[in-house]
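Have a look at the structure below, then the notes.
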Ligand code: BGC
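Given below as structure tokens:
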């Protein structure tokens, strides 16, 4: 239960301000009084807290009380690489700089809080919001997220880390009950949040829509008080996801501070009139409200709102765009490059065919609350034109037929009805899905005439693409997902590429076996149908406004790829542990939608922890990515510093003839642990830049945390004495250097 203490925030100004407030004024601060604002207290000079989405940009503004965009011509901001793209850079410095861009732009757009970053774990490749999230691994997610947070907040804007917790699927996201045991909770799903809040010092946190072990996140006392406040000593603001609050007294006492929603009846929100009544009739002590207000005022102090020293931001500057090009460039992952087909040489390919809808598709708009209005967006086709200049003739064909166009660009009004459950009937991914063999899964909604038309269109586009491929020297295929699939509110219904892409790729590979294939997706996606036949494959998640240019620069060698996969790509969906255990998609027909549960029965065996431990070989492993050069690892040394802290050093040499960056990864194996544990776990990484022939020493420090596991019986992390292996490699499936250490201290 809530402890009726004195204010935990020890600041005289905050205490005095609260003492001067009426109950009504306090209540006005703890609920939305506009779609992205609370009320503020004009009389005392307390400003409303101004919030904005989202992870990839400062979203355009809405009217206070209508999902109607305003001032569109002032909203042309920078558009950052997505969370998954930033994670694919494995570059904390770039993540930090990208965060600085977001913070500076939010500041310039008059915001106090930016609703970002999203850091839920990729549990299934089908989660529609994986592109916003970062990785299947808590360590990588924690490091990238913390860097973004520090970057944003260095510009006097608060982040709001989301969605706490276990929002690992969009299907039934409003009500799904995530049933989970403590070890998986503490080892997989909470660590990135803990790091974001404690190391990153995130000033606010968004609680998710779903339930956790039977209780909505917004009223989950264990999550919002016992873990967040008591264990982690968190003193930031807990903001509800928009419409995630379902009760007054339980949510107020559980630790939710600020209720936001998507509807316009602000005075009727649970934390509005009903909360005032609950205070007046003694169900909620006024000190609980004071505590919430104190945290909101503390956030405002932290962003220097009243000190006159708050920084000044800027948006859409050339400086920002340049930095985002760098980040986009490092987010591209080279998966296959037989016979060094890449990089292409403009002198050897005077006529280039660019085929695939993604090549020409702007992706900023749509996809939910991460939609953006960037000043510009360079598509891959534009980028290829920019890079090849007068050397090549570039011709384009869409290749496949996008039959759900209305879902790709998004509808600005979607959020008004977003609290309605997303059921299968409405799923944007149901239309015209195509299976791996290219046959139609389910026909496009509509009559048989629609099907015939769509079949004819597909044939025509395919023939056009084949003819273009024949007439050109090289083909660059640019396909994958779009904002109908990388989207909030829905999960994909299939692991496969949508539309008839496999059919098109297959036909084109027959004409040009060396075709370069570039796939864009926010999650792992099924590359198996063409992987063996293809020679050159690149992957990237949405890489922001400069994504198309970065891709082109990579294909033509101005950028040497250095991204590494932030997730494993299973051969087939049934290999993924959320699926092989039958836990997802939680479709029990005997259970009403709002009662559905999702049991995380795979426990800690998520992503590579499952694939490697259980010998299920993925098509591409976590941490994998090629370069145009090669690297050699040597001289592993491990020095014990003190208190179970180790300094791990090794050398990396660029043995090729172009400069390149390598992500060196450190994994730990517990050899003698008394409980089952993953074969390897990522516990450190560093990215090193090397000229041809250059060698550098890398040092990664690990402490006891790297050797600990969460013990259900002792309700805490334990570091058991015994033998541990430290492995260094270029990927989770390519561990090159290894050494055992013995940990003696029992914890
Ligand atoms: C999303 C949040 C977003 C909020 C405000 C919700 O639908 O889940 O991530 O920040 O809306 O737009």
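Numbering (this note's numbering), first residue to last: 1008 to 1754. Just so it is clear, CB atoms sit at the ideal spot from N, CA and C, and this is done for glycine as well.
{"Check": "The stretch 1618-1638 / the stretch 1682-1697 touching (three or more Cβ pairs under 8 Å)", "Outcome": "yes"}
{"Check": "Own chain, CB closer than 8 Å to residue 1354, minus 5 neighbours either side, in chain order", "Outcome": "1398"}
{"Check": "Contact set for residue 1218: own chain, Cβ-Cβ below 6 Å, skip 5 residues either direction", "Outcome": "1184"}
{"Check": "Chain D contact for residue 1420 (CB, 9 Å cutoff)", "Outcome": "Any reference to chain D falls outside this structure, which holds one protein chain only."}
{"Check": "CB-CB length for residue 1744 against residue 1626, believed under 8 Å", "Outcome": "Contact doesn't hold; Cβ gap of about 25 Å is too wide."}
{"Check": "Check whether residue 1076 and residue 1069 have beta carbons under 9 Å apart", "Outcome": "yes"}
{"Check": "The beta strand (DSSP E) enclosing residue 1717, as first and last residue numbers", "Outcome": "1716-1718"}
{"Check": "Run of the beta strand (DSSP E) containing residue 1662, from where it starts to where it stops", "Outcome": "No beta strand (DSSP E) holds residue 1662; DSSP gives it neither H nor E."}
{"Check": "Segment contact, 8 Å Cβ cut-off, at least three pairs: the stretch 1088-1098 with the stretch 1135-1145", "Outcome": "yes"}
{"Check": "Contact between the stretch 1332-1349 and the stretch 1467-1477 (3+ Cβ pairs under 8 Å)", "Outcome": "no"}
{"Check": "Cα-Cα separation, residue 1351 to residue 1483", "Outcome": "10 Å"}
{"Check": "The ligand BGC heavy atom lying under 8 Å from the CB of residue 1065", "Outcome": "no"}
{"Check": "Whole-Å CB distance - residue 1204 paired with residue 1166, under 8 Å assumed", "Outcome": "Rounded, the Cβ-Cβ distance is 10 Å, inconsistent with contact."}
{"Check": "Inter-stretch contact (C-beta, 8 Å, three-pair minimum) for the stretch 1279-1291 and the stretch 1301-1318", "Outcome": "no"}
{"Check": "Residue 1154 vs residue 1103 beta-carbon contact at 9 Å", "Outcome": "yes"}
{"Check": "Simplified DSSP state of residue 1176, which is helix, strand or coil", "Outcome": "coil"}
{"Check": "C-beta atoms of residue 1607 and residue 1233 nearer than 9 Å", "Outcome": "no"}
{"Check": "Whole-number beta carbon distance between residue 1415 and residue 1373, since they are thought to touch under 8 Å", "Outcome": "6 Å"}
{"Check": "Secondary structure of residue 1213, DSSP reduced to three states", "Outcome": "strand"}
{"Check": "Residue 1672 vs residue 1737 beta-carbon contact at 9 Å", "Outcome": "yes"}
{"Check": "Span separating the alpha-carbon of residue 1044 from that of residue 1029", "Outcome": "19 Å"}
{"Check": "Presumed contact (8 Å Cβ cut-off) between residue 1338 and residue 1548, rounded CB distance", "Outcome": "7 Å"}
{"Check": "Spatial neighbours of residue 1583 in its chain, beta-carbon cut-off 7 Å, leaving aside the 5 residues before and after", "Outcome": "1131, 1132 and 1577"}
{"Check": "Residue environment, residue 1752, which counts as buried when at least 16 other CB atoms sit within 10 Å", "Outcome": "exposed"}
{"Check": "The ligand BGC heavy atom lying under 8 Å from the CB of residue 1248", "Outcome": "yes"}
{"Check": "Cut-off 7 Å between Cβ atoms - residues of its own chain near residue 1454, not counting five sequence neighbours on either side", "Outcome": "With a pLDDT of only 49 at residue 1454, under the threshold of 50, the placement of this residue in the model should not be trusted; the figure read from the coordinates follows. Result list for residue 1454: empty, nothing under 7 Å."}
{"Check": "Best match in 1254, 1479, 1381 and 1297 for proximity to residue 1401 [C-alpha to C-alpha]", "Outcome": "1479"}
{"Check": "Beta-carbon proximity of residue 1635 to residue 1742, cut-off 9 Å", "Outcome": "no"}
{"Check": "Cα-Cα separation, residue 1424 to residue 1083", "Outcome": "26 Å"}
{"Check": "Straight-line Cα distance separating residue 1176 from residue 1523", "Outcome": "32 Å"}
{"Check": "Residue 1023 burial status per 10 Å Cβ neighbour count (16 or more: buried)", "Outcome": "exposed"}
{"Check": "Close-in-space but distant-in-sequence residues of the same chain around residue 1662 (CB under 7 Å, 5 per side omitted)", "Outcome": "1637, 1638 and 1639"}
{"Check": "Top-ranked residue by Cα proximity to residue 1116, from 1460, 1271, 1319 and 1359", "Outcome": "1319"}
{"Check": "Cβ-heavy atom distance, residue 991 to the ligand BGC, below 8 Å", "Outcome": "Residue 991 is absent from the structure shown; the chain starts at 1008 and stops at 1754."}
{"Check": "Simplified DSSP assignment, three categories, for residue 1737", "Outcome": "strand"}
{"Check": "Residue 1494 versus residue 1392 - alpha carbon distance", "Outcome": "29 Å"}
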